[in-house]
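Adding 215 to a residue's 1-based position in the sequence shown gives its number in this note's numbering.
Just so you know, even glycine gets a beta-carbon here, dropped at the ideal spot from N, CA and C.
Working notes, beginning with the structure itself.
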Amino acid sequence: MNRVLGLKIESRGLQNRKKQANFVRPIMTFPEIMTIPEIFRSIGPVSDASIAEVEEHMEYCTFKKGEALIKQGERATRIFFLEEGIVRLFFSRDGKERTVCFGVAGDPFTSVCSLKSGDCSLYGFEAMSDCSAWAISIERFREIVAKNPEINNWF
């Protein structure tokens, strides 16, 4: 058994011994649901007061499978903290979609272009399953970060 990039790779022979298949199975599991304090503290220490200030301005939202959370080419207005579900980050070029990565419970996400400079998102964010998330406006988040440097260091 070899370990490559946190994945366990097992080789299992097929009926024809000349052919072998590698089956990749992640050794890491993700929680099904994460709270806002767990999400913030999964990266580093953040005080209860800072988390409470962020939570005070959040709204709970749900998305159905296939629903767009942020559309490519539009300005994102909120930061999402995924509580449950799977979100796909992708971009379209030449009529083809290319997946960049997936987000799972505990992942924060938004368009970095929108967060940093107010520009349109280079990527689309799509719910791959029914999802629940907490969201805060980018403008409100910027105000909180300005007063709470520990959150600025975290994000």
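Judged by beta-carbon spacing, Phe305 lies within the 8 Å limit of Glu341, meaning their Cβ atoms are closer than that value. Taking the C-beta atoms as reference points, Ile366 is found no nearer than 8 Å to Ser257. In this chain, the alpha helix (DSSP H) harbouring Glu253 covers Ile251 to Arg256. Under the DSSP assignment, Ile359 falls in the alpha helix (DSSP H) whose first and last residues are Ile353 to Lys362.
Sorting Arg290, Pro364 and Gly339 by C-alpha distance to the C-alpha of Lys311 places Gly339 at the top. Between Cys335 and Glu282, the C-beta spacing is not below 8 Å. Pairwise C-beta distances place the stretch 349-357 out of contact with the stretch 307-322, as fewer than three of them are shorter than 8 Å. For a cut-off of 8 Å, the C-beta gap from Ile254 to Glu299 is around 12 Å, too long to register as a contact. Going by beta carbons, Ile359 and Thr325 fall outside the 8 Å limit. In the displayed model, Ile285 falls within a strand according to three-state DSSP.
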